[in-house]
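**Q** Please see the structure below; I have some questions.
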Amino acid sequence: MNFPAELKYTKDHEWIRVEGNEAYIGITEFAQRELGDIVYIDINTVGQEIAKDAVFGTVEAVKTVSDLFMPATATVLEINDKLDAQPELVNTDPYGDGWMVKVSLADVAEVEGLLSADDYKGVVGA
């Protein structure tokens with residue numbers, strides 16, 4: 318499995334890539350493997366500030382629906398439009414074209430408290 322070192326991770330299997338005061342968020346390769354074939358992404362929080370650890374949307378797979386948790390307090394700026402027509406991008410490219418939301422971080426320092434790639438590997442037993 319792939320655990321890009323430049324990302325931070327949550328125990329709930331989200332990743333975050335910080336670019337200045339903004340960040341991209343998605344679910345990890347481990348999470349998409351556990352979920353199976355992803356068929357729908359439901360995120361309707363554009364323009365809203367979402368608190369750290371609060372739900373910002375859901376991901377629906379063939380067998381289950383899982384909540385998506387915000388890794389750090391942030392305002393949702395954009396949803397990945399590609400996922401409307403191709404939700405399977407989360408399965409095929411979870412760290413690239415399968416990103417879910419772009420956000421504006423309330424406090425970039427909050428990201429420092431998240432898991433490193435090595436820490437996350439420990440959480441998932443990799």
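Take the sequence shown: its position 95, counted from the start at 1, is 412 in the working numbering, and no numbers get skipped.
Using N, Cα and C, we set each Cβ at its ideal position, and we do this for glycine too.
Closest to Lys380 by CA distance: which of Gly374, Thr362 and Leu352 is it?
**A** Selected option, being the one with the closest Cα: Leu352.
**Q** Given Lys438, which residues of its chain have a CB within under 6 Å of its CB, disregarding the five upstream and five downstream residues?
**A** Once the five neighbours on either side are set aside, the close Cβ partners of Lys438 are Phe320.
**Q** Please state whether DSSP places Lys438 in a helix, a strand or coil.
**A** Of the three classes helix, strand and coil, the one that applies to Lys438 here is helix, per DSSP.
**Q** Go ahead and label Gln349 buried or exposed: buried means 16 or more other beta carbons lie within 10 angstroms of its beta carbon, across all protein chains shown.
**A** Flag for Gln349 reads buried.
**Q** Beta strand (DSSP E) containing Ala378: first to last residue?
**A** Element bounds for Ala378: Val372 to Ala378.
**Q** Could you have a look at Phe347 and say whether DSSP puts it in helix, strand or coil?
**A** Phe347: helix per DSSP, three-state reduction.
**Q** Excluding the 5 residues preceding and the 5 following Tyr357 in the sequence, name in chain order all residues of the same chain whose CB lies nearer than 8 Å to its CB.
**A** The answer, listed in chain order, is Val376, Glu377 and Pro404.
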